[in-house]
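Same order as they appear, the protein sequences are chains A, B and C.
Just add 36 to the spot in the first sequence (first one is 1) and you have my numbering.
Just add 2 to the spot in the second sequence (first one is 1) and you have my numbering.
Just add 2 to the spot in the third sequence (first one is 1) and you have my numbering.
Below: one structure, written as structure tokens.
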Amino acid sequence: MSEENKQILVDVHDLHVEFDVRDGIVHAVDGASFKIYRGQTLGIIGESGCGKSITAKAIMNMVPKPGKMKGEITFHEYSKENGKEIEEIVRIDALPPNGEKIRSIRGGHIGMIFQEPMSSLTPVFSAGFHIIEAAKLHRFVPLDTVGDTMTKNLQAKRKINDAEAREIAIDMLKRVGLPNPEQRVDSYPHQLSGGQRQRVMIAIALSAHPDLLIADEPTTALDVSIEAQILDLMRELQKNEDMAIMFITHNMGVIAEIADEIVVMYMGKEVERADTIELFENPQHPYTTSLLGSIPQIGEKESQLETIEGMVPSPFDLPPGCVFHPRCPNFMPGKCDKVYPEYAEVCEGHWARCLLYDGCWPQTPEALAIKAEAA
Amino acid sequence: MLSFLIRRIFYALIMLVVVSFVSFIIITLPPGDFMTQKIAELQARGDKSAELRINEYRERYGLDKPLLTQYWLWASNFVKGDFGLSFEYDQPVATLLAQRFPLSVTLALATTAFTWALAIPIGVFSAVKQYSLGDQIATTISFLGIGIPPFLLALVVLYVAVVKLDQDVVGLFSREFADASWSLAKVWDLLKHLWVPALIGAVTGTAGTIRIMRGNLLDTLGQPFIEAARARGLKNRTVIWRHAVRMAINPLIVILGTETFPGILAGNILVEVVLSLPTMGPLYIQALLTQDMYMAGTVLVFITMMVLAGAVLADVVLAWVDPRIRLG
Amino acid sequence: MSELEKTTGIVEEEVHEEQISQSYWALVWWKFKKNRTAVLGAIMLAIFYITCVFFAEFFAPYPKELETEFIEARSTSFRFIDEEGNFSLRPFVYGLEKKIDKATRKRTFEIDTTKKYPIYFFVKGEETKILGFIPTRIHLFGTDPNDEEAKVFIMGTDKLGRDLFSRILYGGRISMFIGLFSVTVFLIVGVTAGASSGYYGGATDIIIMRITEFLSAFPQEPLFLALGAAVPIDWPPTRVFFMVTILLALVQWGGLARQVRGLVLAGREEQYVLAAQSMGASDRRIIFHHLIPATMSHVIVIATLKIPGMILLETALSYFGLGLVPPTVSWGTLLQDANSIRSIRFAPHLLWTVPFILIAILSYNMLGDGLRDAMDPYSK
């Protein structure tokens with residue numbers, strides 16, 4: 037994937053998602069900004085509850101109540117008309133959550149697969165039914181035209197019918213590597229294994245040839261060997277379909293394999309973003325370093341598993357200044373507990389949110405005073 | 003699936019036999035021999051052949067034989083379609099029930115249909131628009147509805163209709179059609195009268211079903227597959243009715259068979275008496291009062307049959323509707 | 003400021019943590035109090051118990067058997083302003099006068115504005131015994147005891163000229179008592195059966211469960227009616243009363259037994275039971291001292307919510323003329339007077355019993371629901 041081909045697909049700018057609950061306001065996502073490019077894989081990593089899933093749902097404008105979304109999410113819709121490629125820019129955050137436009141994007145241009153494939157399929161419907169349902173919603177076929185010249189400029193489309201949908205379903209199951217697709221298409225979720233169900237989910241998501249596949253911890257509930265198969269499948273499909281992937285996980289090993297660029301999140305905030313190799317070789321944020329340090333290495337003898345000290349704080353009782361400071365190995369007293377660092381480009385294409393780097397200090401008089409005093 | 007069905011029916015039949023035996027015993031419990039009383043009564047009226055006839059019945063039904071024999075005679079005749087003789091009306095029970103039993107079934111089915119037709123939409127609405135004004139109203143009404151017994155409601159309706167509106171809501175047919183033979187017009191007449199007792203009988207069931215539907219749907223809506231369905235771009239309405247309600251309704255089918263339908267059958271007896279409907283209920287009560295044992299016993303068995311049939315039917319429908327049960 | 007404060011600027015707050023340790027029942031009571039419907043239900047039930055069950059003799063102006071000449075008369079209500087517009091602080095009622103409609107030959111009683119009977123409170127009336135042993139002549143309200151003709155029927159009279167309001171109060175005593183007694187029997191039988199079934203398992207369990215299964219195949223009301231009809235009519239009322247009570251419990255205990263069995267099965271595996279067993283506690287002790295109290299919260303709710311059903315079943319039974327029959331006064335026998343179109347049309351006041359039954363049932367339901375919410379550890 038060369039630099040020049042980078043066409044932007046999704047642009048998330050300063051995303052905030054708040055939940056107003058009885059005990060206070062929870063900032064599930066606090067200022068996330070990143071871009072997803074066509075054909076590229078963006079990985080989002082962080083501990084449980086750090087806001088990764090909510091970010092994904094926000095992109096689909098599916099934030100559950102009582103959540104409120106603020107910020108800009110722009111989707112670039114590419115379509116072919118008359119042989120030319122057209123780009124339409126859609127502000128997802130401005131769309132009505134149940135309107136026709138967002139619903140054509142959901143499942144159509146953006147597909148999503150979930151962590152628990154068993155509970156993500158409706159138990160009373162067959163695998164094929166799910167795919168057919170999605171296909172009939174999003175797949176179109178050009179209307180058979182009689183008089184060419186008159187209708188050449190009219191790209192009329194019609195929705196597919198049942199027979200065509202069923203064919204698509206069987207084809208999709210074949211493509212995700214499910215054996216015996218003609219029979220499996222009528223199987224019910226409880227008759228399939230975990231790995232098979234996840235393949236079905238992928239088939240459903242891919243049935244409309246989406247531009248972006250959001251995968252929310254897709255392999256967390258699977259055995260390691262099945263996990264490897266699913267990851268291979270996703271990579272292959274991405275290549276064939278020229279599809280972008282947003283891969284969410286808490287597993288550093290998995291994300292290293294699949295992502296081109298990685299975003300690290302902590303307590304709803306982006307703390308680091310870089311290309312995968314750059315991130316692993318040159319982590320800038322202490323949290324990322326700690327995460328990398330905690331990966332057990334086969335073949336290396338250590339006496340203890342390295343952990344990150346302390347616990348994730350309660351969302352209603354966030355520490356002042358940098359939220360990570362109570363657990364940070366590089367904690368600077370007087371600075372980290374007073375000043376909230378900004379997100380800045382520390383090296384080229386590599387962003388971090390840490391007071392270790394000059395560029396992350398906010399340019400306010402108070403912050404500068406503290407910086408000077410401690411120097 | 004077929005073996006499942008056969009097993010359930012077989013089990014229900016066994017229950018039916020046991021129940022019929024116990025019913026028979028219960029019905030014959032009241033002391034006093036109806037026969038001697040009846041003979042005295044008839045003789046007082048100058049009916050000379052009475053004694054002969056009654057002795058004939060004594061023979062046929064073994065009334066002076068031990069209880070077990072009596073039961074055996076009755077039961078063996080029962081399966082042949084001879085349900086015994088009603089002493090009160092001096093007619094075979096079968097004749098008397100011929101019209102009434104189908105009407106009872108029709109009323110029960112109509113009441114059940116009303117219950118579900120009202121409860122499901124209201125329950126879905128209540129769950130989807132949780133805590134809205136409509137939900138609060140529905141919850142309050144269903145709360146009250148559970149507390150109001152159909153038979154008292156029938157009395158109140160009767161009062162309002164008779165005293166305030168001067169309407170005649172008694173019975174299931176207008177006078178012209180009561181004894182007429184069946185015709186389209188008669189069916190229409192029946193429908194016109196049927197909705198009152200059906201609605202009354204549906205009150206309690208509706209209230210309970212609304213609450214259960216609401217609870218189930220709320221639980222279902224929180225499940226991951228609902229979110230997954232939304233993520234596929236389905237309309238809200240489709241997600242709710244095709245996926246959520248479809249799943250939430252399964253326990254309700256079970257409840258329909260085990261609680262709703264039997265409740266309707268039992269409760270309707272009282273409503274039928276209050277409104278003087280030409281169904282089995284009033285006949286049953288009368289039989290109990292006059293110790294008309296074959297009539298009472300037969301009606302009890304019939305009602306039990308309907309209850310068991312309802313339960314089996316509910317199981318069958320559930321298996322048909324839920325592939326997890328059907329395919330194991 | 004403290005050392006810590008000087009170096010880091012962090013002020014340690016004194017955190018007051020009030021450790022309120024409350025017992026389970028105290029929590030239940032507190033939650034129950036917050037539920038206004040439940041409290042309302044409880045209050046209404048208390049009113050019923052006071053007026054009908056315990057002190058009916060005081061609240062009712064007339065004894066239940068007193069017959070008068072005013073047959074099926076309409077109710078005479080309290081008034082404060084008379085025909086001429088005179089206001090009097092003391093309420094009064096108009097008298098009744100017999101009228102015979104020459105055309106239909108019906109006898110009715112119309113309000114006669116010429117006769118005014120003032121109402122006195124805490125008035126001396128007929129001699130009665132409260133609760134059966136405290137003699138008194140005082141009633142809550144009534145007409146002038148010296149005036150033979152003065153009568154007040156706030157809910158009209160029945161076909162023997164008896165004051166309906168008084169009879170409703172006395173009837174409430176029987177009906178509410180039956181509810182309470184039968185639920186007690188129901189509890190004893192159901193809990194014992196369910197607990198034994200769940201704890202001992204094996205043959206006991208199978209037998210008891212088969213019995214309950216069989217019972218549940220019977221439609222409850224028709225079964226109960228049939229059993230009620232089996233009660234001999236010539237038995238004295240008290241015996242009938244007890245018989246009806248037992249029958250009510252008999253028909254319904256199955257459901258409770260099954261629920262208790264489930265709870266006991268779950269509770270049996272708990273650690274504290276194993277501990278008790280290892281210390282040599284007898285089976286009986288474990289069942290009664292440990293397992294059953296654990297099920298109490300569920301059982302109480304079930305029992306409270308069963309009471310209205312039982313009251314209703316008894317009412318239905320007497321309404322049909324089975325079980326309790328006149329001259330016994332229960333809400334069911336009172337309703338019997340209103341069981342024909344004729345009565346409803348010409349003496350609709352006889353239906354006054356219905357709202358009483360409805361409110362009693364509603365109150366029990368509100369109370370039961372409130373108890374259930376209060377005992378549920380997961381509710382807000």
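We put the CB at the ideal spot given by N, CA and C, even for glycine.
These numbers were taken from a predicted model, which means no experiment stands behind them.
Is the separation between the beta-carbon of Val2(C) and that of Thr116(C) shorter than 8 Å?
Not covered by the structure: residue 2(C). The range shown for chain C is 3 to 382.
Take Thr300(B) and list the residues in its own chain whose beta-carbon comes closer than 8 Å to its own, dropping the five residues that flank it on each side.
Phe80, Phe85, Gly86, Val95 and Leu99
Pop quiz: Leu160(B) and Leu277(B) are said to be a contact at Cβ under 8 Å. What is the actual Cβ separation, rounded to whole angstroms?
7 Å
Would you please state the rounded distance, in angstroms, between the beta carbons of Thr208(B) and Ala121(B)? I believe it to be under 8 Å.
5 Å
Could you confirm whether any beta carbon from chain A is found closer than 8 Å to the beta carbon of Gln225(B)?
yes
Which partner residues of Trp387(A) appear in the DSSP bridge assignment?
Arg309(A) and Glu381(A)
Cys383(A), buried or exposed, once every other Cβ within 10 Å from all chains shown has been counted against 16
exposed
What are the uninterrupted segments assigned as beta strand (DSSP E) that are 3 or more residues long and contained completely in the segment 308-374 of chain A, given in chain order?
none
Using 8 Å as the threshold, is the C-beta distance between Val21(B) and Val303(B) below it?
yes
Where does Leu369(C) sit, in a helix, a strand or coil, going by DSSP?
helix
Do we get a CB-CB distance below 8 Å when we pair Pro253(B) with the residues of chain C?
no
Sequence ranges, beta strand (DSSP E) only - wholly within the segment 39-113 of chain A, length at least 3:
44-57, 60-73 and 77-81
For a cutoff of 8 Å on Cβ pairs, would you count Ala77(B) as touching chain C?
no
Under 7 Å from the C-beta of His112(A): neighbouring residues of chain B
Near His112(A) there are no residues of chain B at all, since even the closest Cβ is about 18 Å away, more than 7 Å.
Is it right to say Asp252(A) is buried, meaning 16 or more other beta carbons lie within 10 angstroms of its own, or is it exposed?
buried
Could you check the C-alpha separation between Gln21(C) and Gln151(A) for me, to the nearest Å?
At Gln21(C), the pLDDT of 46 sits below 50, so the modelled position is not reliable and the matter cannot be decided from this model.
Is Arg234(B) close to chain A, meaning its C-beta is less than 8 Å from at least one C-beta of that chain?
yes
Ile136(C): first and last residue of the uninterrupted beta strand (DSSP E) it sits in:
Ile136 to Thr145
Are the CB atoms of Val65(A) and Asp324(B) nearer to each other than 8 Å?
no
Cutoff 8 Å: Thr255(A) Cβ touching any chain B Cβ
no
Close beta carbons around Phe82(C), own chain, < 7 Å, minus the five adjacent residues each side
Phe89, Ser90 and Pro93
Smallest Cα separation from Val53(A): which of Gln43(A), Gly75(A) and Ile95(A)?
Ile95(A)
Taking its Cβ as the centre, do 16 or more other Cβ atoms sit within 10 Å of Asn367(C), making it buried, or is it exposed?
buried
With Gly82(A) and Tyr302(A) assumed to form a contact (beta carbons below 8 Å), what rounded beta-carbon distance in angstroms separates them?
6 Å
Neighbouring residues, chain A, relative to Asn218(B) (Cβ below 7 Å)
Neighbours of Asn218(B) on chain A: none; closest Cβ ~14 Å, over 7 Å.
Counting beta carbon pairs with one atom in the segment 74-81 of chain A and one in the segment 48-63 of chain A, are three or more of them shorter than 8 Å?
no
Glu121(A) bridges to which residues according to DSSP?
Lys116(A)
Does DSSP classify Met301(A) as helix, strand or coil?
strand
Are at least three pairs of beta-carbons, each pair with one atom in the segment 169-189 of chain C and one in the segment 329-340 of chain C, less than 8 Å apart?
yes
Measuring CB to CB, does Ile28(B) end up less than 8 Å from Ala232(C)?
yes
Selection of the segment 150-162 of chain A by Cβ proximity to chain B, strictly under 7 Å
Phe150, Glu152, Ser155, Ser156, Leu157, Thr158, Pro159 and Val160
Please work out which residues of its chain come closer than 6 Å, Cβ to Cβ, to Met297(B), disregarding the five sequence neighbours upstream and downstream, and give them in chain order.
Ser88, Val95 and Ala289
Run down chain A in chain order and give the residues with a C-beta less than 8 Å from the C-beta of Lys237(B).
Asn134 and Arg139
In whole angstroms, what separates the C-alpha of Ile262(A) from that of Ser156(A)?
18 Å
Report the three-state DSSP secondary structure of Gly147(A) (helix, strand or coil).
strand
Against Ile29(B), what residues of chain C qualify as contacts under a CB-to-CB distance less than 9 Å, listed in chain order?
Ala228, Ala231 and Ala232
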